[in-house]
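> First the structure, then my questions, so here it is.
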Ligand SMILES: Cc1cc2nc3c(=O)[nH]c(=O)nc-3n(C[C@H](O)[C@H](O)[C@H](O)COP(=O)(O)OP(=O)(O)OC[C@H]3O[C@@H](n4cnc5c(N)ncnc54)[C@H](O)[C@@H]3O)c2cc1C
């Protein structure tokens with residue numbers, strides 16, 4: 128089996144990103160020894176977090192310029208570490224930082240890259256499992272070319288845990304970083320309002336366009352809808368997803384919730400989040416939307432229409448009810464807890 132190198136930057140506080148521990152768990156399934164390669168201003172804390180996980184050695188690239196995500200410096204560090212390790216399989220978490228540079232790193236190594244990996248299996252050699260066509264087809268891939276760089280999607284595999292054993296040895300690798308032409312002056316979040324996307328939340332609440340439509344009394348009630356959704360998100364710590372119809376309304380100048388952007392959209396042309404449970408409200412459950420629910424394990428929906436898409440085998444439970452009334456009651460119960 129090919130020796131495996133796990134490559135990851137460290138978090139701003141020096142800790143190891145959880146996505147790196149997930150990529151490690153995926154890599155360990157291949158049964159070959161895993162060496163880690165970490166980069167950042169200082170990697171000692173992250174390296175210590177690998178104690179007992181089966182990683183015997185950590186290669187480190189340390190430089191203050193690696194504190195910030197920057198293509199030139201990140202790609203140089205990852206390439207130098209992969210070359211120093213001489214690994215033929217290079218596994219990395221598909222965080223936005225790593226997804227940006229690893230294709231370039233594969234090119235610099237003269238190798239190949241595959242992305243959106245959800246599992247690694249030994250199927251007569253290292254084999255990648257991933258989904259195509261918006262999670263409609265699952266495929267297994269093998270490649271002859273090496274080095275083979277693999278980006279493992281966060282949330283697909285439980286993170287590796289310490290199972291006892293010694294702390295890995297740390298070997299520092301000298302990396303010649305290019306002069307940085309970009310300077311990070313600050314961070315700007317895409318949503319001006321409340322942060323509603325929480326990938327680690329146990330529950331996904333999906334809001335559909337029904338929340339802004341005319342209700343049985345003949346009038347729309349977007350302000351009440353906004354208050355109900357926000358109080359539920361705060362009380363339940365849930366993440367917020369949306370249908371395309373709802374987020375598209377902003378482009379048409381209609382009322383849309385201020386805390387919602389296109390980044391909340393779930394579906395064929397949106398995201399495929401990985402929460403254990405999902406609750407859909409005022410959303411019809413059409414296939415282009417529901418295909419984004421592929422990895423939501425328990426699905427429930429509230430819709431006035433007993434004939435909506437959710438009723439056709441797409442939800443485990445469909446409550447045929449008025450979501451305004453249901454969420455009012457749910458929020459009252461949560462508030463009483
Ligand atoms: C190429 C393509 C790609 C697409 N990609 C996506 C995608 O990525 N994501 C996506 O979401 N869509 C996508 N769509 C659009 C998708 O087909 C649907 O049009 C969209 O999901 C509908 O959104 P909706 O269910 O919120 O709105 P609607 O279809 O308007 O449904 C609103 C629902 O709210 C219910 N409702 C109203 N009031 C209440 C109430 N008080 N209580 C309970 N229920 C109530 C109604 O019964 C209705 O079922 C795509 C379409 C195409 C053609």
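Residue numbers (the working numbering): 128 to 464. Note that the Cβ used here is the ideal one computed from N, Cα and C, for glycine as well.
(1) Under a Cβ-count criterion, where at least 16 other Cβ atoms within 10 Å of its own Cβ denotes burial, should residue 387 be classed as buried or exposed?
(2) Is it buried or exposed for residue 257, if we count other Cβ within 10 angstroms and need 16 for buried?
(3) Which residue spans inside the stretch 171-232 form an unbroken alpha helix (DSSP H) run of at least 4?
(4) Starting from residue 458 and walking both ways along the alpha helix (DSSP H), at which residues does that stretch end?
(5) Can you have a look at residue 249 and say buried or exposed, based on whether 16 or more other CB atoms are within 10 angstroms of its CB?
(6) With three or more C-beta pairs closer than 8 Å as the rule, is the stretch 324-337 touching the stretch 358-375?
(7) Determine the closest residue to residue 235 out of 206, 338, 137, with distance taken between C-alpha atoms.
(8) Given the structure, does residue 431 come close to ligand 1, in the sense that its CB is under 7 Å from one of the ligand's heavy atoms?
(9) With residue 163 and residue 133 assumed to form a contact (beta carbons below 8 Å), what rounded beta-carbon distance in angstroms separates them?
(10) In this structure, what does DSSP give as the bridge partners for residue 253?
(11) Enumerate in chain order the residues of its own chain whose CB-to-CB distance from residue 225 is below 6 Å, with the five nearest sequence positions on each side excluded.
(12) Taking contact to mean 3 or more Cβ pairs, one atom from each stretch, closer than 8 Å, check whether the stretch 133-144 and the stretch 163-176 are in contact.
(13) Rounded to whole angstroms, what's the CA-CA distance from residue 196 to residue 313? Just pull it up for me.
(14) Would you call residue 322 buried or exposed, if buried means 16 or more other Cβ atoms sit within 10 Å of its Cβ?
(15) Can we count residue 141 as close to ligand 1, meaning its CB is less than 7 Å from some heavy atom?
(16) Since residue 428 sits in a beta bridge, which residues does DSSP pair it with?
(17) Considering Cα atoms alone, identify which of 231, 419, 463, 209 is closest to residue 262.
The answer reads as follows:
(1) Here residue 387 refers to the residue found at position 260 of the chain shown. When all chains shown are included, residue 387 counts as buried.
(2) Taking the chain shown and counting its residues from 1, the one referred to as residue 257 is at position 130. Answer is buried; the Cβ neighbour count reaches 16.
(3) 171-175, 198-212
(4) By 1-based counting over the chain shown, the position of residue 458 is 331. From DSSP, the alpha helix (DSSP H) with residue 458 extends over 450-463.
(5) Against the chain shown, residue 249 aligns to sequence position 122. Burial call: exposed.
(6) yes
(7) Along the chain shown, one-based indexing puts residue 235 at 108. Here the closest residue by C-alpha is 206.
(8) The sequence position of residue 431 within the chain shown is 304, counting from 1. Residue 431: yes, Cβ under 7 Å from ligand 1.
(9) Residue mapping note: residue 163 aligns to position 36 of the chain shown, counting from 1. Residue mapping note: residue 133 aligns to position 6 of the chain shown, counting from 1. 5 Å between Cβ atoms; contact.
(10) For this step, residue 253 is matched to residue 126 along the chain shown. DSSP output for residue 253 lists 249 as bridge partner(s).
(11) As a first step, residue 225 is located in the chain shown; it is residue number 98 there, counting from the start. Closer than 6 Å at Cβ, skipping near neighbours: 219.
(12) yes
(13) The residue given as residue 196 occupies position 69 in the chain shown. The residue given as residue 313 occupies position 186 in the chain shown. When rounded, the distance between both Cα atoms is 12 Å.
(14) Here residue 322 is taken as the residue at index 195 of the chain shown, counted from 1. Residue 322 should be labelled exposed.
(15) Here the question's residue 141 lines up with position 14 in the chain shown. Flag unset: Cβ of residue 141 not near ligand 1.
(16) Taking the first residue of the chain shown as position 1, residue 428 is located at position 301. Its beta-bridge partners are 407, 445.
(17) As a working mapping, residue 262 is identified with position 135 in the chain shown. The residue with the shortest Cα to Cα distance from residue 262 is 419.
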